[in-house]
Amino acid sequence: MQGAEEIALPIKLSLSYFIGVGINPEDLKDIEGFHLVSKGYFLAACLLIGFPSLMAYRSHIANRVAST
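Under my numbering, the final residue of the sequence shown carries the number 81; numbering is consecutive throughout.
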C-alpha cells in the first residue's frame with residue numbers, strides 16, 4: 014500500500030482471544046498482533062493456578078470432614 018500509515022491503538026481484548034477460545038476470524042481482520050498486559054498475566058495466573066488450587070483445597074477439606 015502506497016501512502017498507508019500504520020497506527021497502533023491500545024484496545025482491550027478478551028483473554029479468550031489470547032488463548033484461542035472463540036476466535037472469529039472476522040473479528041480479528043484488522044489486528045496484526047496483540048500481547049498481554051500485567052492485568053492479563055494476573056488473570057491468566059488466577060485461571061491456571063488459583064482456580065485449580067482452590068478446588069483441590071476444597072476437596073481436601075471435604076474429605077477431611079467426611080472422614081471425621
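Where is the CB? At the ideal position from N, CA and C, for every residue including glycine.
Small disclaimer: the values here were computed from a predicted structure and weren't measured.
Pull up the distance between the alpha-carbon of residue i and that of residue j, whole angstroms please.
i: LYS52; j: THR81; result: 41 angstroms
i: ALA17; j: HIS48; result: 24 angstroms
i: ALA75; j: PRO65; result: 15 angstroms
i: GLY33; j: GLY46; result: 13 angstroms
i: TYR54; j: ALA69; result: 22 angstroms
i: HIS73; j: LEU67; result: 10 angstroms
i: ILE62; j: ARG71; result: 14 angstroms
With C-beta atoms as the reference, is residue i less than 9 angstroms away from residue j?
i: LEU56; j: LEU28; result: yes
i: TYR30; j: ASP40; result: yes
* Pick out the complete beta strand (DSSP E) segments inside the stretch 19 to 54, 3 residues or longer, and give them in chain order. => Along the length of the stretch 19 to 54, whole beta strand (DSSP E) runs at least 3 residues long do not occur.
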